[in-house]
Amino acid sequence: MKMNWLYSMRLAFVLLVLVSLWFAAGMAVSEQESSRQVFKLLNDLPMSQWLQPLTTAPIVAVWLIGLVALMVMLGVNTALCSWRDLWPTWRRKRWHSPRIMMLPIHVLTLLVFLFHGIDLVFIHGHDSAVLHQGQRFSSGNYQIQLTNVDYQDDVSLIKEDETGKSPAGRITRRSVEQFDPRKNSAHFIVDDGHKKVSGDAGFMRQFRVDDLYLTVTDFSIPYQKDNLGVQVKVVAVHNPLVNYFFACYGLLLLSLFIQGFIFWRRSYKKGTR
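Structure representation (structure tokens):
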């Protein structure tokens, strides 16, 4: 029987390997200062405004186009595999088939792709600000005020010099001894005009108010501004799809667990015969 390569598992495996390698290549590209700045700029802009920055960074443009092409091919492969190969298993009610949970896994994966695409094209956007205690900024209908910074690590390591660099370096490269995310946070008050909500946000720890998510991305002390205390860089993201993301990822993990259990049980029975 001739295999249709477009929805074959071989193609899916190749595409997954290529996507992993492509992401690794993107990390290498982002290590260059010029490319890193372009990536940051793209992250701050809606997709409709990406063309101009990409014309000045051909390497980033080629990487991004390649990534989109690989993801589209993977999505097409997943959709065709679901329709041509896995849907008949459910339609014929073959509940004892070892591949019975593969259809939900594929469908949930496609939904994750779809939500990411919708978010990127129609929703994605955020506001960022650098604040000292008492300062505020606006994001959509929200007024966000930084009321307190609780920084318990060594502040001398985050003091910037005249070039903007500090002894601890970039926050993503600091050791736990230099920066422990569990111990450092910022307290905010969010006002949407109807109610005020307060809470803490930290590095990779969000503070949520309705569809607003606040995350602290850096702590620092600007050059010759020690008297102002620790400065916080905060990102405000609006994403009404986030609950759907969590639901899809949760169901996807559950489906993977069930499928793994099915394979383990069948292997165990075969081994005991």
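To convert, take the position in the sequence shown, counting from 1, and add 70; that gives the numbering used here.
Cβ atoms here follow ideal geometry from the backbone N, Cα and C, with glycine treated the same way.
Remember, predicted model here, so these are calculated numbers, not experimental data.
| query | result |
| --- | --- |
| Minimum length 4: unbroken alpha helix (DSSP H) runs contained in the region 177–244 | none |
| For residue 180 and residue 149, the rounded distance between their alpha carbons | 7 Å |
| Continuous alpha helix (DSSP H) stretch holding residue 144: start and end | 128–151 |
| Helix, strand or coil at residue 263 according to DSSP, with G and I counted as helix | coil |
| Within 7 Å, strictly: CB atoms of residue 77 and residue 169 | no |
| Closest residue to residue 93 among 117, 130 and 112 (Cα-Cα distance) | 130 |
| Alpha-carbon spacing of residue 275 relative to residue 305, whole angstroms | 11 Å |
| Within 7 Å, strictly: CB atoms of residue 231 and residue 293 | yes |
| Residue environment, residue 222, which counts as buried when at least 16 other CB atoms sit within 10 Å | exposed |
| Backbone secondary structure at residue 277 - three-state DSSP | strand |
| Local conformation of residue 248 per DSSP, three classes | coil |
| Per DSSP, cross-strand counterpart(s) of residue 289 | 302 |
| CA nearest to the CA of residue 185, picked from 118, 336 and 310 | 310 |
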